[in-house]
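Heads up: the structure comes next, in structure tokens.
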Amino acid sequence: MVKKGHELPVQENENMRGGDGTIVLRHFLNKDEFYGKGRLFSQITVKPGCSIGYHEHHGESEIFAVISGNGLFNDNGEEMPVAAGDVLVTSSGKGHAIACVGSCPLELVALIIYE
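Be aware that the sequence shown starts at 1459, since it is given in the numbering used here, and climbs by one per residue.
What follows is the structure, encoded as structure tokens:
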């Protein structure tokens, strides 16, 4: 199966998880395609000045792969800069947030899998 990029569903989330601005998600898979193993596999675009607010995961882990741009990642209360090539892992029972810092959008690939 090939899913053409221009046919993938796009979702805009305003103030995602209490963050600032609008976050754009391009979904690679729909929920049925996870076969009960997860719920999200998407490209996420965080524009300059925008963020995904702090939230916790329970019974699942979220992985971000930073594709481009610069961000500030809150890893369970500890903030650190992140950039292209970094992989960010938030395990069940932990929390995170991310903000775009700089003049270019922060591009991520996100995967949420059940534990």
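Just so you know, even glycine gets a beta-carbon here, dropped at the ideal spot from N, CA and C. Please read all numbers here as calculations on a predicted model, not as lab measurements.
DSSP lists no beta-bridge partner residue for L1487. Counting the other CB atoms within 10 Å of its CB gives C1558 a total of 16 or more, which places it among the buried residues. If you draw a straight line from the Cα of D1533 to the Cα of H1515, it is about 12 Å long.
Assignment of beta strand (DSSP E) within the stretch 1459-1538, counting only whole runs of 3 or more residues, yields 1468-1472, 1480-1485, 1496-1504, 1509-1514, 1518-1526, 1528-1533 in chain order. Contact between the stretch 1518-1538 and the stretch 1563-1571 is present: three or more C-beta pairs spanning the two stretches fall below 8 Å. Relative to the Cα of L1546, the nearest Cα in the group P1539, G1560, A1523 belongs to A1523. In this structure, H1464 is the residue among G1507, N1473, H1464, P1506 with its C-alpha nearest to the C-alpha of F1486.
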